[in-house]
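Read through the structure below, which is laid out as structure tokens, and then see the notes.
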Amino acid sequence: MAKRAHEEKIDFIISEALKKSKITNPKSQLDFIAVTQGPGLAVSLEVGIKKAKELAKLYGKKLISVNHLEGHIYSSFVQNSQGKPPRDFDFPYLALIISGGHTELVKFTGHLQYEVIGETIDDAAGEALDKAAKLLGLGYPGGPVIEKLADLAGNIDVYKFPRPMLKSQDLNFSFSGLKTSFYYFLKKNPRSVEKIADLASSFQEAVFDTVVKKTDKAIRFTGINRLVVGGGVIANLYLRKKFRELVKKHGGKVLFPPFKYLTGDNAAMIGVAASYKAEKGIFVKDIEKLDRIPRMQL
Ligand code: KG4
Ligand code: ZN
């Protein structure tokens with residue numbers, strides 16, 4: 005189904021994107037074609053890569069392959085506070101990616117230079133929110149609904165849910181135990197659903213508290229107090245506030261993707277990451293051989 009949905013929509017999406025960016029003559033107005041190579045669902049990646057190859061050949065452009073996760077990292081560097089690109093870079097940064105598929109802490113030491121220093125050993129933070137929302141019958145994606153409910157709650161910690169892996173010495177995350185404990189809590193306390201706002205808020209707090217405390221640890225371990233946060237979950241305003249407080253404590257700063265269109269998955273962030281590859285002359289050598297890497301790492 006995912007494959008078919010991608011195949012059905014890709015031509016329309018591309019023509020809309022060209023229209024919105026007022027590109028009437030791609031051959032002369034575009035510099036390069038960029039495409040996500042992974043990580044992600046193999047069948048969806050395939051559709052994008054096939055189309056990118058087609059376009060590169062049609063317009064005679066070089067092709068740039070981008071890791072989805074580097075797109076999330078670069079998405080914070082699209083605009084400065086005046087809305088103008090680019091931000092000045094002040095390496096090194098500590099990057100945190102929190103999405104539906106990933107929860108990763110990365111040392112971002114220079115352009116295109118990454119070192120993963122922590123990651124989830126099971127579920128991602130966004131996935132935990134999505135699964136909790138599903139258990140509450142709130143649909144998908146769960147993050148935004150839980151955020152709205154949490155905003156209505158009187159107290160962030162009416163119910164106490166575990167903060168997984170906080171005592172571990174490393175910078176890894178784990179969210180599947182939290183999800184399981186939520187499941188059993190609901191089974192044992194079905195009436196708690198009557199206070200759904202408190203429930204959502206308490207669960208959200210368990211996820212965010214864990215993420216923020218691990219990031220705190222990463223700042224202390226690395227000595228890097230400039231933070232870049234990317235991925236769908238950072239659309240959450242309350243979480244943004246928590247990160248602002250965290251970096252204030254460390255005398256650092258935090259960058260988020262511009263809210264309007266760069267928080268969740270999108271092609272703009274892939275284009276931005278690609279522009280830094282183009283600057284360094286990193287292109288796909290043999291277009292025919294480019295293949296998807298569903299479990300691609302940074
Ligand atoms: O980056 P993204 O769009 O896709 C992936 O690469 O996974 O992230 C999607 C995730 C979902 O888990 C969704 O529930 C979460 O981001 N999300 C949020 C919010 N908006 C989206 N989580 C918390 N608060 C939000 N406002
Ligand atoms: Zn993503």
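For the sequence shown, position 288 (counting from the first letter as 1) is numbered 292 according to my numbering, and the numbering increases by one without interruption. Glycine included, each C-beta is placed from N, C-alpha and C at the ideal position.
Give me the Cβ distance between L153 and P166, rounded to the nearest whole Å; I'm assuming they're in contact under 8 Å.
-> As a first step, residue 153 is located in the sequence shown; it is residue number 149 there, counting from the start. As a first step, residue 166 is located in the sequence shown; it is residue number 162 there, counting from the start. The C-beta separation of L153 from P166 comes to about 20 Å, leaving the pair out of contact by the 8 Å criterion.
State the DSSP-derived secondary structure class of Y97, mapped to helix, strand or coil.
-> The sequence position of residue 97 within the sequence shown is 93, counting from 1. Looking at Y97 - three-state DSSP - the assignment turns out to be strand.
Three-way DSSP call (helix, strand, coil) for R8 in this model = As a working note, residue 8 is residue 4 in the sequence shown. In this structure, DSSP gives R8 a helical state, which the three-state scheme calls helix.
Whole-angstrom Cβ separation of I291 and A46, contact assumed at under 8 Å?
-> Looking up residue 291 in the sequence shown gives position 287. Looking up residue 46 in the sequence shown gives position 42. In fact, because the Cβ distance is near 19 Å, the residues do not count as touching under 8 Å.
Taking all protein chains shown into account, decide if V82 is buried (16 or more other Cβ within 10 angstroms of its Cβ) or exposed.
-> Position 78 of the sequence shown, counting from 1, holds the residue named residue 82. V82 should be labelled buried.
In angstroms, rounded to a whole number, what distance separates the CA positions of L175 and F36?
-> To locate residue 175, count along the sequence shown from 1; it is residue 171. To locate residue 36, count along the sequence shown from 1; it is residue 32. One C-alpha to the other measures close to 37 Å.
Closest by CA to S205, which one among L49, G268 and V149?
-> Here the question's residue 205 lines up with position 201 in the sequence shown. It is V149 whose Cα lies nearest to the Cα of S205.
Could one say the Cβ of F93 lies closer than 8 Å to chain D's Cβ atoms, at least one of them?
-> Here chain D cannot be found, since the structure has a single protein chain.
Opposite A38 in the DSSP bridges: which residues?
-> Reading the sequence shown from its first residue, position 34 is the one you call residue 38. DSSP, once it has assigned bridges, lists I68 as partnering A38.
F212 and K246: beta carbons closer than 8 Å?
-> One-based indexing of the sequence shown puts residue 212 at position 208. One-based indexing of the sequence shown puts residue 246 at position 242. For F212 and K246, yes; Cβs fall inside 8 Å.
Test item: CB-CB of G268 and I102 under 8 Å | Translated into the one-based positions of the sequence shown, residue 268 becomes position 264. Translated into the one-based positions of the sequence shown, residue 102 becomes position 98. Not in contact: G268 and I102 (Cβ atoms no closer than 8 Å).
Evaluate the contact criterion for the stretch 215-230 versus the stretch 250-259: three or more CB pairs, one atom per stretch, below 8 Å.
-> Contact between the stretch 215-230 and the stretch 250-259 is present, because at least three Cβ pairs lie under 8 Å.
Report the partner residues of F177 according to the DSSP bridge assignment.
-> By one-based count along the sequence shown, residue 177 stands at place 173. T124.
Which residues does DSSP pair with R230 in a beta bridge?
-> The residue given as residue 230 occupies position 226 in the sequence shown. Listed as beta-bridge partners of R230 by DSSP are K257.
With 16 as the cutoff for other CB atoms within 10 Å, does S172 come out buried or exposed?
-> Here residue 172 is taken as the residue at index 168 of the sequence shown, counted from 1. Label assigned to S172: exposed.
For L49, which of V70, I286 and S19 has the nearest alpha-carbon?
-> Here the question's residue 49 lines up with position 45 in the sequence shown. Minimum Cα distance to L49 is reached at V70.
Exposed unless 16 or more other CB atoms sit within 10 angstroms - verdict on T40 | On the sequence shown, position 36 is the one that residue 40 refers to. Around the CB of T40, 16 or more other CB atoms lie within 10 Å, so the residue is classed as buried.
Contact set, the ligand ZN heavy atom to C-beta under 5 Å = For the ligand ZN, the residues with a Cβ under 5 Å from any of its heavy atoms are, in chain order, S103 and D269.
Would the beta-carbon of E209 be found less than 7 Å away from any heavy atom of the ligand HEM?
-> Inclusion of the ligand HEM in the displayed structure is not the case, the ligand content consisting of the ligand KG4 and the ligand ZN alone.
Would you give the residue range spanned by the beta strand (DSSP E) that L109 belongs to?
-> Along the sequence shown, read from residue 1 onward, the residue named residue 109 stands at position 105. Counting along the chain, the beta strand (DSSP E) containing L109 begins and ends at T107 to G114.
Supposed contact pair I68 and A38 - C-beta distance, whole angstroms, cut 8 Å | Residue mapping note: residue 38 aligns to position 34 of the sequence shown, counting from 1. Residue mapping note: residue 68 aligns to position 64 of the sequence shown, counting from 1. Correct: roughly 4 Å between the Cβ atoms.
Whole-number beta carbon distance between G42 and H72, since they are thought to touch under 8 Å = The count along the sequence shown starts at 1 and reaches residue 72 at position 68. The count along the sequence shown starts at 1 and reaches residue 42 at position 38. About 7 Å; that satisfies the 8 Å criterion.
Out of T107, G64 and Y78, which has the shortest C-alpha to C-alpha gap to A277?
-> Mapped onto the sequence shown, residue 277 falls at position 273. Among T107, G64 and Y78, the Cα nearest to that of A277 is on Y78.
Of the choices G227, K284, G64 and F179, whose alpha-carbon is the least far from that of A129?
-> On the sequence shown, position 125 is the one that residue 129 refers to. The shortest C-alpha separation from A129 is found at F179.
D94 versus K257, M169, N29 and F16, residue with shortest Cα-Cα distance = Your numbering for residue 94 matches position 90 in the sequence shown. Closest in C-alpha terms to D94, from the list K257, M169, N29 and F16, comes K257.
Apart from the five residues on each side of it in sequence, which residues of its chain come closer than 8 Å, Cβ to Cβ, to Q33?
-> On the sequence shown, residue 33 is found 29 positions in, with the first residue counted as 1. Contacts found: I27.
Grab the span of the alpha helix (DSSP H) containing Q33 for me, first residue to last.
-> The residue given as residue 33 occupies position 29 in the sequence shown. Residues P30 to Q33.
Cβ of G147 within 7 Å of any heavy atom in the ligand KG4?
-> Working through the sequence shown from its first residue, we reach residue 147 at position 143. Checking the Cβ of G147 against the ligand KG4 gives yes.
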